[in-house]
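Working notes, structure below.
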Amino acid sequence: MKSFYITTTLPYVNAEPHIGFAMELIHADIITRYKEMQGFDVYFNTGTDEHGLKIYQAALREGKTPQSYTDGLAQKFKNLQPLLGLHRDLHFIRTTDEHHKKVAQEFWRLCEKAGDIYKKEYKIRYCVGCELEKTDSELVGGRCPIHPNRELEIIEEDNYFFRLSKYGPNLLEFYDENPNFVVPDSRLNEMRALIDRGLEDFSISRLKSKMPWGIDVPGDPDHVQYVWFDALVNYISTIGWPDDMEKFNKYWPVVQFAGKFGKCYKPAGDYRRIRVGCLALFCRARVQPI
């Protein structure tokens, strides 16, 4: 029997589920059922992204530990399966799962061995709402346009960085060879323009003394992994990499329903070293309140 692997993104658990993620689940569920009708053995994955500063601060505001806070919200996301009538065999992964933590650390070692990780001091303006660094060109009136009511945080510390800059040519070649990798075309063109402007290396760790809620960096007890680095690894940890390679080889690569953030980091973020990361990324529109 032919196999097919489909996944949603993993939403942050800093708030309750919303209509945008429900749409994403339903879209993926439709494809799951369609592929089963075609005779495929389908692996349908979703879950929750549970580390990072935003979640750590939300837990503190509620007087809870990060683990108890994420436990409660993760269950609400799990409850979407019966509530939305989703496929009975939906697989649910949490980035706080012990297996995922182990895989994230092994993935770090893989990148480090390849020479793609280095350490340096840096200073940035950081939007906790986006969990992203913000440059001057991304700000409006000195604030993040997506989270205008949040003050930007200034982060100045030693961090580990991933050499994203060296993957620009590889990414463009990858997109040329896989023109249907990102759907719709407008999002693919957006990514090409971003790469043409030049990719910058990005921070993949945080000092544990300032932000302890994350997966430990292998070999450095003072750092935890940046949430976007550990979260993206879920797409391979959920299908058994690296312990169950028979399962991994059966289902990989993957089709994903996603927003636009991961289209550059995912294929560059060392999945090429394992195997081409995705068959396609379907980019949904953002649901905005009116």
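Counting along the sequence shown from 1, when you hit position 215 you're at 215 in our numbering, and nothing is skipped either side. Idealized CB from N, CA, C, for every residue including glycine.
- Y122 is bridged by DSSP to E157.
- If you look at V42, you'll find it in the beta strand (DSSP E) that goes D41 to T48.
- Shown here for E106: same chain residues with a beta carbon closer than 8 angstroms to its own, the five before and five after excluded, namely P242 in chain order.
- Counting only runs of 4 or more residues that sit fully inside the segment 180–238, the alpha helix (DSSP H) segments are 185–196, 227–232 and 234–237, in chain order.
- The beta carbon of K208 sits closer than 7 angstroms to those of D222, H223 and V224, all from its chain and outside the five residues before and after it, given in chain order.
- Exclusion of the five residues before and after I117 leaves W108, C111, Y160, F161, F162, R163 and I204 as the residues of its chain whose Cβ lies within less than 8 angstroms of its Cβ.
- Contact annotation, F77 with P17: C-beta distance approximately 6 angstroms; criterion of less than 8 angstroms satisfied.
- Ranked by Cα distance from A104, the options D230, L139, Q57 and K250 are led by D230.
- Pairwise C-beta distances place the segment 16–30 in contact with the segment 72–90, as three or more of them are shorter than 8 angstroms.
- Checking the DSSP bridge columns, you'll see V140 partnered with R143.
- N180 sits exposed, since fewer than 16 C-beta atoms from the chains shown fall within 10 Å of its C-beta.
- DSSP lists no beta-bridge partner residue for I26.
- Leaving aside the five residues that flank K166 on each side, none in its chain has a CB nearer than 7 angstroms to its CB.
- Only residues of its own chain outside the window of five on either side were considered, and among them F4, I6 and V42 have a CB closer than 8 angstroms to the CB of K35, listed in chain order.
- In the structure shown, the three-state DSSP call for E131 is coil.
- Counting the other CB atoms within 10 Å of its CB gives K123 a total below 16, which places it among the exposed residues.
- Assignment of Q38 by DSSP, reduced to helix, strand and coil, places it in the coil class.
- For R163, there is no enclosing beta strand (DSSP E), as DSSP marks it with neither H nor E.
- Scanning L188, P184 and V183 for the CA closest to the CA of E173 turns up L188.
- In the DSSP assignment, S3 is bridged to D41.
- When DSSP states are grouped into helix, strand and coil, V254 belongs to the strand group.
- Annotation: the continuous beta strand (DSSP E) that includes R94 extends over H91 to R94.
- Cβ atoms of I93 and G142 stay farther apart than 8 angstroms, at about 38 angstroms.
- Membership of R88 in any alpha helix (DSSP H) is not indicated, and neither H nor E is assigned to it by DSSP.
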